[in-house]
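Protein chains in written order, with my numbering: chain A, 1 to 381; chain B, 1 to 314; chain C, 1 to 282.
Quick notes on the structure that follows.
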Amino acid sequence: MGIRRGHQARPVEWLAEKFIFLVSLTAIVMVFLIFLFVAREALPLFFGETNTALVQKPIPTADIDKLTPAQLQKYLELTPEQFAAMDKDTLKSLMDVKQEAQDEIPEEFRHDPDANINTTEWRYLLLPHQWNHYEKPEYIWQPVGQIQKYNIIPLLVGTLKTTLIGLLFAVPLSVGAAIYVSQMARPKMREIIKPTIELLSGIPSVVVGFFALLVMATVLQKIFGYQTRLNAFVAGIALGFAVIPVIFSIAEDALTSVPRAYTQAALALGASRWQTAWQIVLPAALPGVFAASVLGFGRAIGETMIVLMVCSASVMSWSIFDSARSITTTIAAEMAEAVSGGPHYRVLFMLGSLLFAATFVSNMIAGAVIQRFKLKLEGKR
Amino acid sequence: MSATTRRHFRAEKFDFSSFFFTGLTGLATLLILAILAVILGNILINGWQGFTWHFVSTIPKKNFFDINTTGVLPMIVGTTIRVFVMTIFVVPIGVITAIYLTEYAPNNSLITKFIRAAVNNLAGVPSIVFGLFGLGFFINFIGKHMDAMLQNPSAVWGQPALIWAALTLAVMTMPVVIVATEESLKAIPPGLREASLALGATKLETILRVVLPQALPGIMTGGILAVSRAAGEVAPILFTGVAYYMASLPHRVTDQFMDLGYHVFVLSTQSPNIEQTRPILYATVVVLLLLTFALNLVAIIIRARVRKKLRALG
Amino acid sequence: MKHIIKQFSIAALATGLATAAWAGNITVKGSDTLLILAQKWAETYMGTHADVKISVTGGGTGTGFAALQNQTTDLCDASRKAKAAEIANCIKAFNARPTEYKVALDGLSVYVNPENPLKELTVAQVGDIFTGKITNWKEVGGPDAPITVYSRENSSGTYEFFKEHVLKGHDFAAGAQTMPGTAAIVQAVVKDKNSIGYGGAAYGGGSKQLAIKKDDSSPAMEPTEDNVETGTYPIWRYLYVYVNPALDKGEIAAYLNWIRSDDGQKYVKDVGYFPLPKNLRN
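Encoded structure:
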């Protein structure tokens with residue numbers, strides 16, 4: 001009979017191994033699907049198939065017979081199946097609706113120079129444009145109204161503004177705390193402090209947002225005396241609260257994983273505890289601390305509920321005491337009001353893909369840095 | 001000689017910079033702890049009175065905005081069910097992935113790297129993008145096709161529902177389960193596996209009978225962390241299944257559900273009368289926090305044990 | 001472990017099977033503006049009709065229409081008229097225009113700080129203040145002080161209505177501050193001496209509500225119930241419920257009728273809106 005090897009010997013084992021392998025691919029499949037399906041809904045935008053021009057030439061309903069079926073189907077934006085299933089009266093009423101939409105436009109906007117613009121073209125999405133009644137070219141996100149303005153720059157600015165404030169607040173605090181907890185504190189203290197700080201990550205972001213909205217905004221306004229009660233500053237600090245546990249946890253891990261030999265050598269040479277921490281341990285753990293900050297950035301940029309609850313104006317302003325609206329917030333707040341499948345809907349999904357790409361890249365960077373950091377430490381050990 | 005050795009044991013001079021910076025980092029630690037204390041203190045002080053047995057056990061039937069007659073039972077039930085359904089999906093998939101990564105995966109092969117990268121990325125995807133994904137994939141794609149296949153007269157699956165919210169959350173929390181399980185699998189001494197294999201057990205038997213039972217605390221930690229993370233999330237369920245008010249508790253997976261976090265969100269932004277709803281709001285937050293914190297605490301305690309074991313090994 | 005997996009799969013199967021059951025509930029979905037009112041109606045109606053189950057979901061008017069065309073909701077609450085694209089989508093989905101019912105009136109007040117001596121403004125002046133053409137109170141007869149403008153976030157129905165009907169479709173001033181709800185606007189206005197804001201007429205507690213003139217020659221009207229109902233107060237809108245005409249029968253029709261009856265309209269004022277005038281109720 002001879003010796004049977006491999007999967008022939010144990011078919012169950014072989015099957016199980018394949019099954020486990022296949023299941024473990026779920027993560028890859030999901031990342032793929034997320035990108036695919038978020039981008040899919042935004043595709044018409046990329047292909048220039050959306051048109052938001054206010055004034056369009058409707059075809060009179062009486063002319064329905066002058067159109068070929070193909071033309072009619074395209075004009076009414078129907079899929080072939082939908083078109084095939086419809087009787088003529090339904091088609092006519094669809095044409096009526098198109099006509100009515102044009103009739104409803106106020107006289108003033110009919111002759112507005114902007115009424116013929118498709119505002120979902122790339123240059124209107126990204127570049128400033130001098131809209132009617134404005135004195136100079138401006139970046140405007142005003143998706144609701146007769147002329148829909150979809151410039152995404154104010155949202156990018158709002159996202160960066162709140163994220164940077166959050167990081168400026170959270171990084172020094174959490175790295176400082178990580179140094180203290182990992183290097184200075186006695187082991188007993190460490191056992192208590194670390195889980196306690198990590199408890200902060202157990203506070204749901206909607207609760208942080210609630211706290212910022214009801215309590216923090218008032219307190220901070222009293223301290224700083226600025227005018228807008230709900231602004232990017234408040235949102236940023238609240239974002240910081242959400243990011244602190246992320247940065248702290250990873251930075252502390254990185255600092256702790258620096259080989260004990262480093263510290264012992266430094267202390268033996270007469271360095272003080274602080275000198276050891278600052279000049280030996282921190283530089284050695286710097287890539288890890290950097291990665292922690294990058295991951296914190298990813299967390300902050302993707303945080304939704306806090307900014308949604310604290311401030312929401314899509315103004316184009318770099319002042320931290322003005323309101324701001326981040327990309328996540330825009331999606332959460334406006335998806336509900338957007339016409340499903342319409343241009344606004346498409347733009348929001350486009351923002352979603354953008355966000356996904358941004359966090360994907362920042363994750364990749366952080367992952368690569370941490371990987372290299374680990375290899376380096378292991379190599380030197 | 002004596003000078004240098006003595007210096008090793010105690011600093012001769014008062015080292016100002018050392019004192020200063022130690023104080024500074026200590027202060028940073030203290031500040032973070034203070035933030036935590038202030039948030040929790042504020043919420044507990046303001047919410048404690050509203051947090052009564054009546055409040056957590058009542059299905060609001062009338063006077064929704066009166067703290068004396070309203071209740072959050074449907075929200076508690078909704079939040080609990082959605083995370084429970086989520087664990088049904090996420091725990092098996094997460095555990096199996098972790099088993100593959102620690103027990104089977106060839107070290108440093110391309111596919112292993114890809115899986116790890118995907119897990120890391122999944123952990124970093126913004127929660128609102130998961131919401132969009134749930135809407136685009138589960139509802140508009142899977143749900144619609146299921147309806148078409150089952151020839152439902154009206155949409156049953158192709159609409160926001162408990163099941164889709166739970167699945168969306170499952171995708172979101174997958175990395176949490178994977179990472180925690182992996183950690184606990186690594187903490188199991190290799191000798192245990194080798195002993196089992198040497199006694200003639202197959203690899204699969206070893207994993208099922210020896211490795212997994214040992215890793216159970218870690219797997220539970222992962223599950224609990226995932227649950228506590230998901231319980232507080234609002235953004236992913238906004239478009240995938242949450243309802244503001246329902247007359248009855250959800251009893252099918254295609255039902256919508258009420259939710260604690262979403263309720264906090266609506267009450268704090270849409271409230272018709274802030275003064276009147278404030279006590280309800282605070283009490284709801286207390287319930288939500290108790291739920292997530294209790295879960296977190298359990299997870300942290302178990303994880304601390306696993307880590308201690310890991311350190312003893314390393 | 002095996003046990004747990006087994007139990008999980010049994011639970012999953014059970015929940016899956018349970019979905020096969022079917023019940024005739026009424027689902028209501030749509031505008032957040034109507035959310036509180038719809039909930040109030042639902043809880044009251046169910047109090048007297050034990051056999052009917054009504055669930056209410058917000059999410060916005062757009063969400064409501066999306067659900068209506070997917071036939072995942074029976075009633076769609078709307079704080080604005082259906083847009084052409086939405087009507088077209090409905091026709092594509094169920095070959096008919098959705099039936100529109102007016103269910104309440106919403107009068108929008110213009111709030112200022114109680115210390116502000118100003119009493120009235122014309123609609124055009126209000127529009128100019130919010131678009132940023134007028135930036136100082138003295139331009140409209142008030143004290144010499146810069147105006148701080150409070151608005152709503154652009155996803156709210158109130159924002160859209162105000163923009164269309166008071167600002168005549170023009171953009172809000174870049175300096176306008178957005179607040180996450182009417183209550184937040186009122187709070188801000190009460191605190192800020194030079195501020196102006198807008199929102200539901202019944203929500204203005206603590207602030208001063210200006211009388212509004214339709215144009216220069218018409219009298220200034222206070223946003224009272226009478227004035228809104230008779231239409232003499234110029235800033236108001238209807239709130240709607242849309243329904244698929246094929247479903248507008250039996251329980252759903254009964255519920256819609258009740259909403260627009262005296263009995264149903266009683267509750268409109270509780271949540272800050274105004275009942276529908278009698279002649280519009282059929």
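Glycine included, C-beta positions come from ideal geometry on N, C-alpha and C.
For residue i, the first and last residue of its enclosing beta strand (DSSP E)
{"i": "Thr178(C)", "result": "177–179"}
{"i": "Ile212(C)", "result": "211–213"}
{"i": "Ile87(C)", "result": "It is not in any beta strand (DSSP E) - Ile87(C) instead sits in the alpha helix (DSSP H) that spans 84–94."}
{"i": "Gly241(B)", "result": "Gly241(B) -> no beta strand (DSSP E), and no H or E assigned at all."}
{"i": "Lys102(C)", "result": "99–112"}
{"i": "Ile59(B)", "result": "From DSSP, Ile59(B) is part of no beta strand (DSSP E); its letter is neither H nor E."}
{"i": "Pro252(C)", "result": "What sits at residue 252(C) in the sequence shown is Ile, not Pro. First-last for Ile252(C): 250–259, but that is the alpha helix (DSSP H), not the beta strand (DSSP E)."}
{"i": "Ser195(C)", "result": "195–200"}
Cβ separation of residue i and residue j, assumed to be a contact under 8 angstroms, to the nearest whole Å
{"i": "Gly223(B)", "j": "Gly261(B)", "result": "Contact flag wrong, Cβ pair sits at about 19 angstroms."}
{"i": "Ala324(A)", "j": "Cys311(A)", "result": "6 angstroms"}
{"i": "Ile28(A)", "j": "Ala118(B)", "result": "4 angstroms"}
{"i": "Leu308(A)", "j": "Thr329(A)", "result": "4 angstroms"}
{"i": "Leu73(B)", "j": "Val56(B)", "result": "7 angstroms"}
{"i": "Ala229(C)", "j": "Phe274(C)", "result": "Reading off the sequence, residue 229(C) comes out as Glu, not Ala. Going by Cβ atoms, the distance from Glu229(C) to Phe274(C) rounds to 6 angstroms, so yes, they are a contact pair."}
{"i": "Asn160(C)", "j": "Thr178(C)", "result": "Before going on, a small fix: residue 160(C) reads as Glu here, not Asn. Not a contact, Cβ separation roughly 13 angstroms."}
{"i": "Gly236(A)", "j": "Ile165(A)", "result": "3 angstroms"}
{"i": "Ile306(A)", "j": "Ser205(A)", "result": "5 angstroms"}
{"i": "Val207(A)", "j": "Leu288(B)", "result": "6 angstroms"}
Residues that DSSP places opposite residue i in a beta bridge
{"i": "Cys76(C)", "result": "Lys29(C), Tyr242(C)"}
{"i": "Met246(B)", "result": "Ser55(C)"}
{"i": "Thr122(C)", "result": "Lys213(C)"}
{"i": "Ala220(C)", "result": "Lys213(C)"}
{"i": "Asn136(C)", "result": "Pro146(C)"}
{"i": "Trp236(C)", "result": "Gly107(C)"}
{"i": "Gln142(A)", "result": "Lys149(A)"}
{"i": "Lys208(C)", "result": "Val112(C)"}
{"i": "Ser151(C)", "result": "Thr178(C)"}
Extent of the continuous alpha helix (DSSP H) to which residue i belongs
{"i": "Arg260(A)", "result": "260–268"}
{"i": "Leu168(A)", "result": "153–179"}
{"i": "Val179(B)", "result": "162–186"}
{"i": "Gly223(B)", "result": "212–232"}
{"i": "Asp322(A)", "result": "It is not in any alpha helix (DSSP H) - Asp322(A) carries neither H nor E in the DSSP assignment."}
{"i": "Met189(A)", "result": "187–199"}
{"i": "Thr44(C)", "result": "35–48"}
{"i": "Trp157(B)", "result": "Segment: none, Trp157(B) is in no alpha helix (DSSP H) and carries neither H nor E."}
{"i": "Tyr75(A)", "result": "69–75"}
{"i": "Ser17(B)", "result": "16–47"}
{"i": "Arg299(A)", "result": "282–302"}
{"i": "Asp283(C)", "result": "Here chain C comprises residues numbered 1 to 282, so residue 283(C) is not present and cannot be evaluated."}
{"i": "Pro190(B)", "result": "190–198"}
{"i": "Phe19(A)", "result": "11–24"}
{"i": "Pro74(B)", "result": "73–99"}
{"i": "Met309(A)", "result": "305–310"}
{"i": "His263(B)", "result": "260–270"}
Anything in the region 175–198 of chain C with a Cβ closer than 9 angstroms to a Cβ of chain B? List those residues in chain order, please. Pro180, Gly181, Thr182, Ala183, Ala184, Val186, Gln187
Whole runs of the alpha helix (DSSP H) within the region 209–248 of chain A, excluding any shorter than 4 residues: 217–224
Can you give me, in chain order, the residues of the region 45–63 of chain C that have a beta carbon less than 9 angstroms from any beta carbon in chain B? Met46, Gly47, Val52, Lys53, Ile54, Ser55, Val56, Thr57, Gly58, Gly59, Thr63
Identify each residue in the region 274–299 of chain B for which the Cβ-Cβ distance to at least one residue of chain C is less than 8 angstroms, and report them in chain order. Ile274
Against chain B: residues of the region 151–178 of chain A by CB proximity under 9 angstroms: Pro172, Leu173, Ser174, Val175, Gly176, Ala177, Ala178
Using a Cβ cut-off of 9 angstroms, which residues of the region 213–246 of chain C contact any Cβ in chain A, in chain order? none
Where the region 299–321 of chain A meets chain C: residues whose CB sits under 9 angstroms from a CB there: Leu308, Met309, Val310, Cys311, Ser312, Ala313, Ser314, Val315, Met316, Ser317
Could I get the ranges of all uninterrupted alpha helix (DSSP H) runs contained in the region 100–127 of chain A, with 4 residues as the minimum, in chain order? 107–110, 122–126
Listed from N- to C-terminal order along the chain, which residues in the region 202–233 of chain B have their beta-carbon within a distance smaller than 8 angstroms of any beta-carbon of chain A? Thr202, Lys203, Leu204, Ser228, Ala231, Gly232, Glu233
Proximal residues, the region 249–279 of chain A versus chain B, C-beta separation under 9 angstroms: Leu267, Ala268, Leu269, Gly270, Ser272, Arg273, Trp274, Gln275, Ala277, Trp278
Can you give me, in chain order, the residues of the region 98–113 of chain A that have a beta carbon less than 8 angstroms from any beta carbon in chain C? Lys98, Glu100, Ala101, Glu104, Pro106, Glu108, Phe109
Interfacial residues, the region 18–43 of chain B to chain A, with Cβ spacing under 9 angstroms: Ser18, Phe19, Phe20, Phe21, Thr22, Leu24, Thr25, Gly26, Leu27, Ala28, Thr29, Leu30, Leu31, Ile32, Leu33, Ile35, Leu36, Val38, Ile39, Leu40, Asn42, Ile43
Could you tell me which whole beta strand (DSSP E) segments of length 3 or greater appear in the region 31–57 of chain A? none
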